[in-house]
Amino acid sequence: MKNDLRFPKNFVWGVATAAPQIEGAAFEDGKGESIWDRYSRVPGKVLNGDTLDVACDHYHLYKHDFALMRKLGVKHYRLSIAWPRVYPNGDGAVNPKGLEFYSRLIDAMLKEGITPWVTLFHWDLPQSLEDRGGWRSRVVCDAFGPYAEAVVKALGDRVKNWITLNEVFCFTSLGYDGGDKAPGTKETTKVMNQIYHHAIVCHGLAVRAVRQHGGKGARVGITDNPLCPIPVTETPADIAAARKVYAGASLRLLDPIHRGSYSPAYLKQAGADRPEVRKGDFDLISLPTDFLGLNIYTGPFVRAGKGGKPETLPYPPDFPRTSCPWLYITPQVLYWGTRFAHEVYGAKHIYITENGCGYDDEPLVDGEVHDLHRRDLVRNYLGELHRAIGDGVPVRGYFLWSFMDNYEWQDGYTRRFGIIHVDFKTQKRTPKLSAKWYAQVMKENRLV
Ligand code: NOJ
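Counting in the numbering used here, the sequence shown runs from 814 upward without gaps.
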């Protein structure tokens, strides 16, 4: 094909999951309670009262799952480590069985020729830490440092790609600022600023752990989900307006990490609510990283209003979206989200660590799920990613969320994000049409 959408040589194609969403075995082999184990049991918090107790039972079925990955030609897999499996109370005594499990998991993956990309924190804070203040308190940083070190020491001989934290906005703002995620509280602005500060300190602690104990060839970065505005028209004025909104939305996270301090704009905005910063914090926070991970699903449309002032437009009621009300279908977000990360923060190695879509009720038809909506969405998004690469944005890889249907947090098991269908009663896995399509994309390194 003359104009085929081919990706660069060595482009990393993969799939992603997270421990709490797939493992199950929530209280097995010494695992401690996480804030999600607790939160899911509070009536009315999670759809149908679904818990993480069994999920996809990956804890027992992992060998089968890796064999399936291999069959699809998956070569890169992003997973996470459950902190409460390694430290049931968050700190104190390590649970050897937890580390042994992950060691077996990594071995099994490598045996199938799959390269691990390991996220150290994907929202499952040990409940014991929450009981002692959670992210509001420095206690989390004190515990996270040793946890990160223990994991990197145990797996660093085989794991070379590390991700410090996943989507800070979700476990901070949506967890502590009146959102719908665990622990589900509502804190003051001052506390929220402190929570964000603790998160970026933890990011730094994880970077340090990888540098000190990761061995040769270890690489580390954060996975963020910044607000990614899309210019209504691709004209200089609208692009500038969208870029302004982009930069303004990351003052508590990507900005201080890359700048090595809080910006004057942030300090002015925070005023008396600014966080307490300890000596040496910014030495950690600004430790250089090797890549930037971005989870990008959707973005708002922005244009230059009066005097060039950015104007964010509300979506009209009939704007296309998936079964997740927040997931408006906006393929261009992959173009602008990666381009702005490159332009604003100078990111030189960008990985899309998540992108995909969730739909309800994807029934099996003659043993197959005809998820043409997913295939179409992913293909259109990837077309925009291809365009970004063509324009010189250094995107090095793409991980589809998710390998299989799993626990979608407050939406329980209703929203299916997988390219593998999971029957949660029998644990039977069935590749959907999108899995077969994506397998071909990975194989040919181009959009098919
Ligand atoms: C972001 C999160 O990292 C992941 O856990 C979640 O399931 C997906 N997006 C879909 O909402």
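Heads up, the beta-carbon is just placed ideally off N, CA and C, and yes, glycines get one too.
- Alpha carbon to alpha carbon, what distance is there between S1076 and F1153? Taking the first residue of the sequence shown as position 1, residue 1153 is located at position 340. Taking the first residue of the sequence shown as position 1, residue 1076 is located at position 263. The straight-line gap from Cα to Cα measures roughly 18 Å.
- Which parts of the stretch 1129-1178 are runs of the beta strand (DSSP E), unbroken and 3 residues or longer, counting only runs that do not cross its ends? 1163-1167
- Task: Figure out for me which residue from T864, T1111, I848 and L1064 has the closest Cα to the Cα of R1134.
- Result: Locating residue 1134 in the sequence shown gives position 321, counting from the first residue. Answer by Cα proximity: T1111.
- Message: If you reduce the DSSP assignment to three classes, tell me which class T1048 lands in.
- Response: On the sequence shown, residue 1048 is found 235 positions in, with the first residue counted as 1. Coil, per DSSP.
- Message: At the level of alpha carbons, what is the spacing between G958 and R1065?
- Response: The count along the sequence shown starts at 1 and reaches residue 958 at position 145. The count along the sequence shown starts at 1 and reaches residue 1065 at position 252. Near 21 Å, if we compare the C-alpha coordinates of R1065 and G958.
- Message: Given this structure, state the Cα-to-Cα distance separating G997 from G1169, to the nearest angstrom.
- Response: On the sequence shown, residue 997 is found 184 positions in, with the first residue counted as 1. On the sequence shown, residue 1169 is found 356 positions in, with the first residue counted as 1. Rounded to whole angstroms, G997 to G1169 spans 25 Å at the Cα level.
- Task: Pull up the distance between the alpha-carbon of L874 and that of I919, whole angstroms please.
- Result: Here residue 874 refers to the residue found at position 61 when the sequence shown is read from its first residue. Here residue 919 refers to the residue found at position 106 when the sequence shown is read from its first residue. Looking at the two C-alpha atoms, the distance is approximately 14 Å.
- Item | F1230 Cβ short of 7 Å to ligand 1 heavy atom set | Taking the first residue of the sequence shown as position 1, residue 1230 is located at position 417. Result yes, Cβ under 7 Å from ligand 1.
- Message: Are the CB atoms of G827 and Y915 within a distance shorter than 8 Å?
- Response: To locate residue 915, count along the sequence shown from 1; it is residue 102. To locate residue 827, count along the sequence shown from 1; it is residue 14. No, they are not a contact pair.
- Closest by CA to W975, which one among G1196, K1029 and G1180? What you label residue 975 is simply residue 162 of the sequence shown in a count that begins at 1. Measuring from the Cα of W975, the nearest candidate turns out to be K1029.
- Message: Below 7 Å, is the gap between the Cβ of Q834 and the nearest heavy atom of ligand 1?
- Response: Here residue 834 is taken as the residue at index 21 of the sequence shown, counted from 1. Because some heavy atom of ligand 1 lies under 7 Å away, the Cβ of Q834 counts as near it: yes.
- Between G1171 and ligand 1, is the CB less than 7 Å from at least one heavy atom? The residue labelled residue 1171 in the question sits at position 358 within the sequence shown. Under cutoff, so the answer is yes.
- What is the DSSP secondary structure of F934, counted as helix, strand or coil? In the sequence shown, the residue the question calls residue 934 occupies position 121. Strand at F934.
- Message: At the level of alpha carbons, what is the spacing between I1202 and W1214?
- Response: Position 389 of the sequence shown, counting from 1, holds the residue named residue 1202. Position 401 of the sequence shown, counting from 1, holds the residue named residue 1214. Looking at the two C-alpha atoms, the distance is approximately 20 Å.
- Item | Inside the stretch 1056-1141 only - alpha helix (DSSP H) runs reaching at least 4 residues | 1067-1072, 1077-1083 and 1094-1098
- Task: Output the distance between the C-alpha atoms of F1114 and W1139, rounded to the nearest integer angstrom.
- Result: For the purposes of this step, residue 1114 is taken as residue 301 along the sequence shown, with counting starting at 1. For the purposes of this step, residue 1139 is taken as residue 326 along the sequence shown, with counting starting at 1. Answer to the nearest angstrom: the Cα atoms are 14 Å apart.
- Item | Exposure of A1160, with buried meaning 16 or more beta-carbon neighbours within 10 Å | Here residue 1160 corresponds to residue number 347 of the sequence shown, with the count starting at 1. By the 10 Å Cβ count, A1160 comes out buried.
- How is M882 classed by DSSP in three states: helix, strand or coil? For this step, residue 882 is matched to residue 69 along the sequence shown. In the structure shown, M882 sits in a helix (DSSP, three-state: H, G or I).
- Taking 7 Å as the cut-off, does the CB of E1167 come closer than this to any heavy atom belonging to ligand 1? Mapped onto the sequence shown, residue 1167 falls at position 354. Checking every heavy atom of ligand 1 against the Cβ of E1167, one is found closer than 7 Å.
- Task: Could you tell me whether the stretch 1244-1253 touches the stretch 1180-1190, using the rule of 3 or more Cβ pairs below 8 Å?
- Result: yes
- How many angstroms separate the CA atom of S1099 from the CA atom of L978? By 1-based counting over the sequence shown, the position of residue 1099 is 286. By 1-based counting over the sequence shown, the position of residue 978 is 165. So the alpha carbons of these two residues sit roughly 15 Å apart.
- Task: Give a single yes or no on whether A831 has its beta carbon closer than 7 Å to a heavy atom of ligand 1.
- Result: Position 18 of the sequence shown holds residue 831. Yes, the beta carbon of A831 sits closer than 7 Å to at least one heavy atom of ligand 1.
- Item | Every unbroken beta strand (DSSP E) inside the stretch 962-1035 [3 residues or more] | 974-979
- Item | Whole runs of the alpha helix (DSSP H) within the stretch 856-929, excluding any shorter than 4 residues | 871-885, 896-899 and 909-924
- Proximity test, W826 beta-carbon vs ligand 1 heavy atom, cut-off 7 Å: Stepping through the sequence shown from its first residue, residue 826 is reached at position 13. No, ligand 1 has no heavy atom inside 7 Å of this Cβ.
- Of the residues A995, I1008 and F934, which one's Cα is nearest the Cα of S950? Here residue 950 is taken as the residue at index 137 of the sequence shown, counted from 1. Comparing Cα positions, the closest option is I1008.
- Have a look at the DSSP bridge pairing and note the partners of R1259. What you label residue 1259 is simply residue 446 of the sequence shown in a count that begins at 1. Note: R1259 sits in a beta bridge opposite R819.
- Query: If you check the beta carbons only, do D863 and A895 fall under 8 Å apart?
  - Reply: Here residue 863 refers to the residue found at position 50 of the sequence shown. Here residue 895 refers to the residue found at position 82 of the sequence shown. No, Cβ-Cβ distance for D863 and A895 is not below 8 Å.
- Query: Nearest-angstrom Cα distance between D970 and L885?
  - Reply: Locating residue 970 in the sequence shown gives position 157, counting from the first residue. Locating residue 885 in the sequence shown gives position 72, counting from the first residue. Each residue's alpha carbon lies about 26 Å from the other.
- Query: Secondary structure at Y1211, three-state DSSP: helix, strand or coil?
  - Reply: Taking the sequence shown and counting its residues from 1, the one referred to as residue 1211 is at position 398. Correct three-state label for Y1211: strand.
- Which value, in whole angstroms, describes the spacing of the CA atoms of F1230 and L818? As a working note, residue 1230 is residue 417 in the sequence shown. As a working note, residue 818 is residue 5 in the sequence shown. About 25 Å.
- To the nearest angstrom, report how far apart Y1079 and K1057 are at their CA atoms. By one-based count along the sequence shown, residue 1079 stands at place 266. By one-based count along the sequence shown, residue 1057 stands at place 244. Cα to Cα, Y1079 sits roughly 14 Å from K1057.
- Query: Mapping DSSP to helix, strand and coil, what is A829?
  - Reply: Indexing the sequence shown from 1 puts residue 829 at position 16. DSSP places A829 in strand when its eight states are reduced to three.
- Task: Would you mind giving the Cβ-Cβ distance between I1013 and I1070, rounded to the nearest angstrom? I have them listed as a contact below 8 Å.
- Result: As a position in the sequence shown, residue 1013 is number 200, starting the count at 1. As a position in the sequence shown, residue 1070 is number 257, starting the count at 1. With a Cβ gap of about 6 Å, I1013 and I1070 count as contacting.
- Segment contact, 8 Å Cβ cut-off, at least three pairs: the stretch 831-838 with the stretch 867-883: yes
- Message: I need the boundaries of the alpha helix (DSSP H) containing D850, first residue and last residue.
- Response: Position 37 of the sequence shown holds residue 850. From DSSP, the alpha helix (DSSP H) with D850 extends over I848 to Y852.
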